[in-house]
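A.B. asks: Just dropping this structure here.
Number of protein chains: 2
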Amino acid sequence: MNSSPAGVRPIAIIGGTGPAGTGLALRWGRAGETIIIGSRDEQRAQQAAAAVRQRIGPQANVSGMENSAACAAADILMLTVPFEGQAALLKELKPAMTAGSIVIDATVPLASGVGGRASRTLGVWQGSAAQQAAELVPKEVSVVAAFHNVSADLLATDAPLDCDVIVCSDDPDAAQLTRELAAKIPGVRALDGGKLENARIVEQITALLVGMNIRHKGHAGIRITGLPPSAYR
Amino acid sequence: MNSSPAGVRPIAIIGGTGPAGTGLALRWGRAGETIIIGSRDEQRAQQAAAAVRQRIGPQANVSGMENSAACAAADILMLTVPFEGQAALLKELKPAMTAGSIVIDATVPLASGVGGRASRTLGVWQGSAAQQAAELVPKEVSVVAAFHNVSADLLATDAPLDCDVIVCSDDPDAAQLTRELAAKIPGVRALDGGKLENARIVEQITALLVGMNIRHKGHAGIRITGLPPSAYR
């Protein structure tokens, strides 16, 4: 599995009408990627796509589809859904996933999903939401965990970000492709976070950042320091 | 409990002869703090203190004592011990701790402590090594979790660091004192990480950084971005 020139492999952003999904659509659409925003509701997906197109301009290649159709039309599937909907959605989409697809999972098992605090996480039996995802997709589909620690609010603005994206996966090629996509977002550096099992740490960092956001009314992100330049991206 | 002018309250660095302990002794000693390096072996403590004094110069106020004596001579106790020794040492030191003391715990429950990988953590029943510490100290002693993500190797150099220190505690005054101490290290910004329970996340970040250090031969640290200036210390 090799990375292709920008725009050749469409990216479906599943559950993509929220700030994280539309923010990624905006950033990647600007970078020349072909984006399909997916939603349970086709019309909402098309409205979100139209809004993103308007912000990018006439060169934008951003469309909207119902989630399953988006899934079937792309082999890079970016998942931006709340944890409480992740497992059911993946079960539903499984038949639409083509062999060789990549699922990039940004799900964080925040306790707010079950009425708790967004500054706490739930324990996931498999170790992390990303590992749960890996159990639910077809065998020939790779799961990559990434983008958990990027502020959705800042992603949806036009300003460069000040944040690193830690990428965890058991598939090195899928991880590399994801790091390349992350690095297309202005201000973002991408880092190898190791195996998918490490997603448990990266997911939990989000809860820590949420707590800081609540205390300080901010949009916290993280940077990793102290590594050689070759480590970034 | 209020913070005192530099040097008035001695800081005992328990298990302080390793790179993290001597690095903190060096940085705080330079900032004018009174430091007692503690060790199981009084002579090793005194040797480590002499080496630190030599690096700081004649104004240094750094001595060495056996751990229990160090503990009795100070009410700020900085714990820099491997996880596998933490519980036993705290039980041993408990009688020497004075009411109103602060234990600053930097323990990370790395799996390497039981022969596993330093890029993985062990589950701690209480949630984190810091919460285990809180269970083992006298009731009148506050526990603060901090300094987990600072590279011990870089701490032991003379260069400014490029790292934030996330401070977690259920005692706001003890947390503030710890943030003030952290901010005395050149290059370090201190941040409120919330309650002590959040130490579980901060401790695990270290395992993630260790993995990055192994992959990239680096000395990884973290910075938190996106918060207002008032959030930093």
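Line by line, the protein sequences are chains A and B.
Taking the working numbering, I'd label the letters of the first sequence as residues 34 to 266.
Taking the working numbering, I'd label the letters of the second sequence as residues 34 to 266.
Don't be surprised by glycine CBs; every beta carbon is placed ideally from N, CA and C.
Given that A/T258 touches chain B, what residues does it touch there, using C-beta distances under 8 Å?
C.D. replies: Those within 8 Å of A/T258 in chain B are D195, C196, A253, G254, I255 and R256.
A.B. asks: If we define contact as Cβ-Cβ less than 8 Å, is A/H181 a contact residue for chain B?
C.D. replies: No, because no Cβ of chain B sits closer than 8 Å to the Cβ of A/H181.
A.B. asks: Run the CB neighbour count on A/R153, radius 10 Å, all protein chains shown included, and call it buried at 16 or more, exposed below.
C.D. replies: Under this definition A/R153 is a buried residue.
A.B. asks: Which residues of chain A have a Cβ atom closer than 8 Å to the Cβ of B/G226, listed in chain order?
C.D. replies: What B/G226 touches in chain A: L241, G244 and M245.
A.B. asks: Which residue from A/P261, A/I247, A/H252 and A/D203 puts its Cα closest to that of A/A179?
C.D. replies: Cα-wise, what sits closest to A/A179 is A/D203.
A.B. asks: Are A/V198 and A/V176 close, meaning C-beta to C-beta below 8 Å?
C.D. replies: Their beta carbons are not under 8 Å apart, which means A/V198 does not touch A/V176 by this criterion.
A.B. asks: The alpha helix (DSSP H) with B/M245 in it runs from where to where?
C.D. replies: First-last of the alpha helix (DSSP H) with B/M245: A232 to H249.
A.B. asks: Please state whether DSSP places B/D108 in a helix, a strand or coil.
C.D. replies: It is coil, neither helix nor strand.
A.B. asks: Who are B/D74's beta bridge partners in DSSP?
C.D. replies: Answer is none; B/D74 lacks a bridge partner.
A.B. asks: Please confirm whether B/R248 has its beta-carbon closer than 8 Å to some beta-carbon of chain A.
C.D. replies: True, the Cβ-Cβ gap to chain A drops below 8 Å.
A.B. asks: In chain A, which residues lie with their C-beta within 8 Å of the C-beta of B/A264?
C.D. replies: Ordered by position in chain A, the residues that pass the 8 Å Cβ test against B/A264 are M245, R248, H249 and G251.
A.B. asks: A/L229 and A/A163 - do their beta-carbons sit closer together than 8 Å?
C.D. replies: Going by C-beta atoms, A/A163 is nearer than 8 Å to A/L229.
A.B. asks: Does the count of Cβ pairs from the region 91–108 of chain A and the region 64–75 of chain A closer than 8 Å reach three?
C.D. replies: Output reads yes: the region 64–75 of chain A touches the region 91–108 of chain A.
A.B. asks: DSSP on B/S37, reduced to helix/strand/coil?
C.D. replies: Here B/S37 scores only 49 on pLDDT, less than 50, and its place in the model should not be relied on; the value that follows carries that caveat. Reduced to three states, the DSSP call for B/S37 is coil.
A.B. asks: If you drop the 5 nearest sequence neighbours on each side, which residues of the same chain put their C-beta closer than 7 Å to that of B/I247?
C.D. replies: Result list for B/I247: S152, in chain order.
A.B. asks: For the alpha helix (DSSP H) that contains A/R63, what are its first and last residues?
C.D. replies: From DSSP, the alpha helix (DSSP H) with A/R63 extends over P52 to R63.
A.B. asks: Out of curiosity, what's the CA-to-CA distance linking B/G51 and B/T113?
C.D. replies: Their backbone Cα atoms lie some 8 Å apart in a straight line.
A.B. asks: To the nearest whole angstrom, what separates the beta carbons of B/S96 and B/A82, a pair I think is in contact under 8 Å?
C.D. replies: Indeed they touch by this definition, with Cβ atoms about 5 Å apart.
A.B. asks: Should A/G56 be labelled buried (16 or more other beta-carbon atoms within 10 Å of its own) or exposed?
C.D. replies: By the neighbour-count rule (16 or more Cβ atoms within 10 Å), A/G56 is buried.
A.B. asks: Please classify A/G48 as buried or exposed, where buried requires at least 16 other C-beta atoms within 10 Å of its C-beta.
C.D. replies: A/G48 should be labelled buried.
A.B. asks: Is A/L110 close to chain B? Criterion is C-beta to C-beta, closer than 8 Å.
C.D. replies: Judged by the 8 Å Cβ criterion, A/L110 is not in contact with chain B.
A.B. asks: Do B/H252 and B/L187 come within 8 Å of each other at the CB atom, strictly closer than that value?
C.D. replies: Cβ distance < 8 Å, so B/L187 and B/H252 count as in contact.
A.B. asks: Quick check: what's the CA-CA separation for A/T131 versus A/A166?
C.D. replies: Distance between the alpha carbons of A/T131 and A/A166 is about 16 Å.
A.B. asks: Count Cβ pairs between the region 224–238 of chain A and the region 122–130 of chain A that sit closer than 8 Å; are there 3 or more?
C.D. replies: With a cut-off of 8 Å, the region 122–130 of chain A and the region 224–238 of chain A do not count as touching, because too few Cβ pairs lie within range.
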